[in-house]
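Engineer: When you line the sequence shown up against UniProt numbering, it's residues 1 to 52, in that order.
Note that beta-carbon positions come from the ideal geometry of N, C-alpha and C, so glycine has one too.
Quick one: the structure is below, questions incoming.
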Amino acid sequence: MCSPIRCHSCGKTTWAGCGMHVDLVMAGVAPEQRCTCRDDAAGGPAAGTGHR
1 MCSPIRCHSC GKTTWAGCGM HVDLVMAGVA PEQRCTCRDD AAGGPAAGTG
51 HR
């Protein structure tokens, strides 16, 4: 199951988990509060990839 988490880079909401429940997790998150960071060693997950 996926769950919302805070991005380590921007502090906005992204997701963690299997990837099958992303729509449910992100449905309640306003677009301007969604993480759009790229996945890199210094930051959090890329938008749409989450932590697995």
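1. Quick check: the Cα distance between His21 and Gly11, rounded to an integer number of angstroms?
2. On the DSSP letters alone, give me the boundaries of the alpha helix (DSSP H) that Met26 sits inside.
3. To the nearest whole angstrom, what separates the beta carbons of Cys35 and Thr13, a pair I think is in contact under 8 Å?
4. In the DSSP assignment, find the beta strand (DSSP E) that holds Ser9 and state where it starts and stops.
Structural biologist: The relevant details are as follows:
1. As a working note, residue 21 is residue 21 in the sequence shown. As a working note, residue 11 is residue 11 in the sequence shown. The straight-line gap from Cα to Cα measures roughly 21 Å.
2. Residue mapping note: residue 26 aligns to position 26 of the sequence shown, counting from 1. 22-26 is the extent of the alpha helix (DSSP H) around Met26.
3. Position 35 of the sequence shown holds residue 35. Position 13 of the sequence shown holds residue 13. At roughly 6 Å, the Cβ-Cβ gap stays under 8 Å, so Cys35 and Thr13 are in contact.
4. Your numbering for residue 9 matches position 9 in the sequence shown. No beta strand (DSSP E) holds Ser9; DSSP gives it neither H nor E.
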